[in-house]
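Each residue of the sequence shown is one higher than the one before, counting from 0 in numbering that gives the first Met the number 0.
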Amino acid sequence: MITALRNPHSLVGTWRGRAALAAVAIVVTSTAVACTSSGTPSASAAGQSGIAWKSCKGLGNKFQCARVSVPLDWSQPNGKKIGLAVIRHLASRPSQRIGSMFINPGGPGQSGVGLVRNSGAELSNAWGAGRFNLVSWDPRGTNDSTPVKCFANTADRDRFWKGVTFPYTRAGSLLYQRKAIQLASRCEKLSGPLLSHISTADTARDLNRLRELVGGQKITYVGLSYGSFIGQIYANLFPTKVRAMMIDGIVDPVDSTMSMETNLRNALSSSDEVFGQLIAQCQKAGPKRCALAGHGETVAQRVAGLFTKVHRAPIPAPHANPPGVLSPTDLQAATFTQLRLPLTWPVLAKNLEAGVEGDASALKTAAKGTQSPAGMDADTASAVVSCADAPARVPLSAWPAQIARFNQAGELWGPLLGWGLWAQCAAFSRPHTADQYTGSWNAKTKIPIMVVGARYDPGTPYLNAVVAQHRLGNAVLITLNGFGHPSYQVPSKCLDAARVRYLVHLVPPRNGTVCQPDQSPFG
C-alpha cells in the first residue's frame with residue numbers, strides 16, 4: 000500500500016521519464032519539495048478560486064503556489080488551524096478548460112507539490128489533454144504542509160540515525176527496537192495533537208476543502224497508490240461531489256483500517272510473485288538481454304544462490320560510495336525501487352549478476368537511499384499516517400514472531416517493511432486514531448470510478464483492484480496485462496487513450512477491459 004516518490008522529473012514519454020516517477024509507487028524515500036511563493040497574487044486569481052495564488056519561485060508562469068489554512072480537527076472547524084502547501088499547473092488550453100484536476104502521488108507522505116513541480120506539464124497534457132488546471136498539495140503532516148516533527152533539525156535527525164540500518168541480526172534488531180521506541184517518544188513530544196489528526200480521512204476532508212476553494216462543484220481526481228486510498232475515502236464521504244475519479248495501484252481500505260499488521264501483509268502479498276516474474280522474463284530473454292541468463296544454471300538458481308550467499312556473510316562492495324559490504328537487508332532494499340519499474344529490470348539484473356560475481360557495489364549504492372537517515376525519516380512519515388488509520392495491534396516486544404509473519408507474507412521485502420513501518424508504528428505509546436474512517440466502502444457515484452491495476456504490481460496487489468471494483472457502488476476495472484506500480488510505468492497506448500476518454504470526456508472503459516503494454520521489460 001505504502002509508496003514513495005524518488006526525485007520525480009517527468010511522468011510520460013520515454014522510459015527515463017516513467018522511471019523518474021517511480022515515485023508514485025514506492026515505500027521508503029520521500030522528497031520534500033518546497034513550494035516557495037514570490038510576487039503578489041492578482042485580485043482575479045484570488046477572487047476566482049478562493050485561494051491567494053502566487054507565482055512559484057523559480058518556476059515559469061504556468062505554475063502557481065499557495066498556502067491554505069484548514070482546521071487541525073475537522074470536528075472543530077473554527078478551532079486551531081494548520082497549513083497546506085498547494086501548487087497548480089495552469090491548463091495549456093485555457094480556452095477549453097474543463098476545471099481543475101487534483102492528483103495525489105501516494106506514500107503516505109509523498110509530495111504532491113513536488114509531483115506537479117516536476118511533472119505538471121506532462122501530466123496535464125497526457126492525461127487531461129491540457130484542459131485542466133492540475134492541482135496537488137502536500138498532505139497534512141508531511142513535507143511543506145504542517146509536518147509531523149520528530150527532530151529539531153536535519154542534523155538532529157542524522158545524529159539519531161547514524162550507524163543504524165534495517166537489521167538482519169538479533170543484535171541489530173534489539174538496537175532498532177530501542178531506536179523505534181525513542182523515535183516514537185520524540186514524535187509524540189514534538190508533534191503533540193497533530194498526530195491524532197493526520198488520518199487519511201482528515202486528508203480527504205482537506206481535499207474537499209481545496210475543491211471548494213478552487214470553485215469546483217464536483218471533483219476530478221487522480222489517486223496513485225496510497226492516493227487511491229484517499230480517493231476511496233473521498234468517494235464514500237462525498238459521493239455527490241465526484242465528477243470523475245481514476246485510481247491506479249489500488250490500496251485495500253478494509254485491510255488498511257484494520258491494523259498495521261493487516262495493512263502490511265496485504266502490501267507484501269504480491270512482491271514475491273513479481274520478483275518471480277522478473278526471473279522468468281530474464282530466463283526467457285536470454286543472455287543477450289539479461290545479464291543473469293546463460294551461465295550454465297537457471298536464472299532462478301543464480302538469484303537464489305546470491306541470496307543464500309549474502310545471508311551467510313556480507314558481500315564486498317568496494318566501489319560503492321562509500322565502500323562497504325552488502326547485507327541481507329541491503330539486498331532487499333536494492334530491489335525495492337527497480338522492481339516497480341519494469342523497464343529498469345535489465346539494470347537490476349546486471350547489478351544482481353555483479354553481486355553473484357562477488358562485487359555488490361551497484362547493489363549497495365541502490366540501497367543507499369533506503370538505508371540512510373533521510374530514508375529512515377521517510378519511513379516515519381509513512382508509518383505515522385498509516386498508524387492514524389489503524390494502529391499496530393501486536394506490541395513491539397513481540398518483534399521476533401511478527402517479523403517472521405511478515406517474512407511469510409512476502410519473503411523479498413517482509414523484514415524491510417516490518418522494521419521500517421510496523422516497528423515504528425508499534426513503538427507509539429498510544430493509538431492516534433481520533434479521526435479514523437473505517438467504512439462503508441460502497442458509495443455510488445454518478446459516473447463510474449475508473450479502477451486501474453497492473454496484473455503484476457509488486458506494491459499493491461492486483462487483487463486489490465478486482466476487489467475495489469466489486470466493492471465500490473459504481474466502478475469499472477481496466478487492467479494492464481503487464482508489470483509496474485502504478486500501471487503507467489510501462490507505456491500502453493490503449494491505457495493512455497482510456498485515461499483521456501474518461502477524465503476529459505467522462506467516457507469510462509468497459510468493465511473488464513484489458514490493455515497490453517507497448518514494451519516488455521527485457522525488450
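Using N, Cα and C, we set each Cβ at its ideal position, and we do this for glycine too. If you're wondering where the values come from, they're calculated on a predicted model, not measured in any experiment.
Measure the C-alpha to C-alpha separation of residue i and residue j and round it to an integer number of angstroms.
| i | j | result |
| --- | --- | --- |
| I102 | G304 | 42 Å |
| L342 | H484 | 12 Å |
| L411 | G105 | 22 Å |
| S110 | A312 | 38 Å |
| A467 | N320 | 43 Å |
| A42 | I50 | Summary for A42: the model assigns pLDDT 35, below 50, so the residue's position carries little reliability, and this model does not support an answer. |
| A359 | A353 | 6 Å |
| G458 | D201 | 24 Å |
| N129 | S519 | As written in the sequence, residue 129 is Gly, which differs from the Asn given in the question. Each residue's Cα considered, the two are about 29 Å apart. |
| A65 | N142 | 14 Å |
| P490 | G127 | 17 Å |
| N207 | C424 | 28 Å |
| K492 | S486 | 12 Å |
| I278 | I81 | 48 Å |
| I86 | F62 | 7 Å |
| A496 | P507 | 11 Å |
| R17 | G78 | Residue confidence is low: R17 scores 37 on pLDDT, short of 50, so the model does not pin down where it sits. Its coordinate-derived value is still stated next. If I take the Cα positions, the gap works out to 42 Å. |
| L479 | Q231 | 21 Å |
| L291 | Q282 | 8 Å |
| G108 | A125 | 25 Å |
| S439 | S135 | 26 Å |
| V499 | L505 | 9 Å |
| V273 | V67 | 41 Å |
| T221 | S326 | Checking the displayed sequence, the identity of residue 221 turns out to be Val instead of Thr. If I take the Cα positions, the gap works out to 38 Å. |
| S99 | W52 | 14 Å |
| V465 | N152 | 43 Å |
| H318 | A154 | 27 Å |
| W14 | Q488 | With a pLDDT of only 28 at W14, under the threshold of 50, the placement of this residue in the model should not be trusted, and no figure is reported. |
| G452 | T432 | 29 Å |
| C575 | F159 | Outside the modelled stretch of the chain, which goes from 0 to 522, sits residue 575, for which no answer is possible. |
| D517 | L494 | 10 Å |
| A361 | L263 | 28 Å |
With a threshold of 9 Å between beta carbons, is residue i in contact with chain C?
| i | result |
| --- | --- |
| F482 | Given the protein chain composition of this structure (a single chain), no chain C is represented. |
Can residue i and residue j be called in contact, C-beta distance under 9 Å?
| i | j | result |
| --- | --- | --- |
| V246 | L223 | First, the residue type needs correcting, since residue 246 is Ile and not Val in the sequence shown. Going by C-beta atoms, I246 is nearer than 9 Å to L223. |
| D72 | D434 | yes |
| G285 | G295 | no |
| S381 | L340 | no |
| S91 | S123 | yes |
| L193 | T328 | no |
| L83 | S144 | yes |
| P252 | F237 | no |
| N463 | V250 | yes |
| V355 | R429 | no |
| C186 | K161 | no |
| V69 | R177 | no |
| P315 | D157 | no |
Please name the residue in the options whose C-alpha comes closest to that of residue i.
| i | options | result |
| --- | --- | --- |
| L114 | H318, P430, R96 and L133 | L133 |
| A179 | F427, G483, G295 and S135 | F427 |
| R242 | Y461, R185 and Q216 | Q216 |
| L166 | P430, M375, W126 and S91 | Inspection of the sequence shows that residue 166 is occupied by Pro rather than by Leu. Among P430, M375, W126 and S91, the Cα nearest to that of P166 belongs to M375. |
| D378 | G417, R500 and L347 | G417 |
| T364 | S385, A348 and L330 | L330 |
| F150 | T219, A183, R177 and F131 | A183 |
| V112 | H88, H310 and R204 | H88 |
| L502 | T432, S74, M244 and L263 | M244 |
| L347 | L209, P372 and R288 | R288 |
| T199 | R156, Y220, G140 and T219 | G140 |
| P345 | G522, G98 and D157 | G522 |
| P460 | Q181, D254 and G323 | D254 |
| S396 | D456, Q280 and Y175 | Y175 |
| A234 | P394, S385 and K443 | K443 |
| Q276 | V309, G191 and Y455 | Y455 |
May I ask whether a heavy atom of the ligand ATP can be found less than 8 Å away from the beta carbon of residue i?
| i | result |
| --- | --- |
| A234 | Among the components of this structure there are no ligands whatsoever, and the ligand ATP is therefore not found. |
Worksheet item: Is the segment 507 to 517 touching the segment 319 to 339 in the sense that three or more CB pairs, one from each, lie closer than 8 Å?
Response: no
Three or more C-beta pairs below 8 Å linking the segment 386 to 402 and the segment 358 to 375: no
Checklist entry - For the segment 402 to 422 against the segment 249 to 268, are there 3 or more C-beta pairs whose distance is under 8 Å? => result With the rule of 3 Cβ pairs closer than 8 Å, the segment 402 to 422 counts as touching the segment 249 to 268.
**OP:** Evaluate contact between the segment 389 to 400 and the segment 254 to 264, counting only Cβ atoms and requiring at least three cross-stretch pairs below 8 Å.
**Re:** Contact between the segment 389 to 400 and the segment 254 to 264 is present: three or more C-beta pairs spanning the two stretches fall below 8 Å.
Complete runs of the alpha helix (DSSP H) confined to the segment 290 to 364 [at least 4 residues]: Unbroken alpha helix (DSSP H) stretches of 4 residues or longer found wholly inside the segment 290 to 364: 298 to 311, 327 to 335 and 344 to 355, given in chain order.
Do the segment 110 to 125 and the segment 57 to 64 meet, that is, are 3 or more Cβ pairs less than 8 Å apart? Yes, the segment 110 to 125 is in contact with the segment 57 to 64.
Where in the segment 113 to 179 do unbroken runs of the beta strand (DSSP E), each at least 3 residues long, occur, reported from the N-terminal end onward?
131 to 136
Cβ contact check for the segment 441 to 454 and the segment 464 to 478: 3 or more pairs under 8 Å:
In short, these stretches touch, since the Cβ pair count reaches three.
**Q.** Entirely enclosed alpha helix (DSSP H) segments - the segment 238 to 288, minimum 4 residues
**A.** 252 to 255, 259 to 267 and 270 to 284
* Asked: Can you list, in chain order, the stretches of the beta strand (DSSP E) that have 3 or more residues and sit fully within the segment 56 to 82?
  -> 62 to 70
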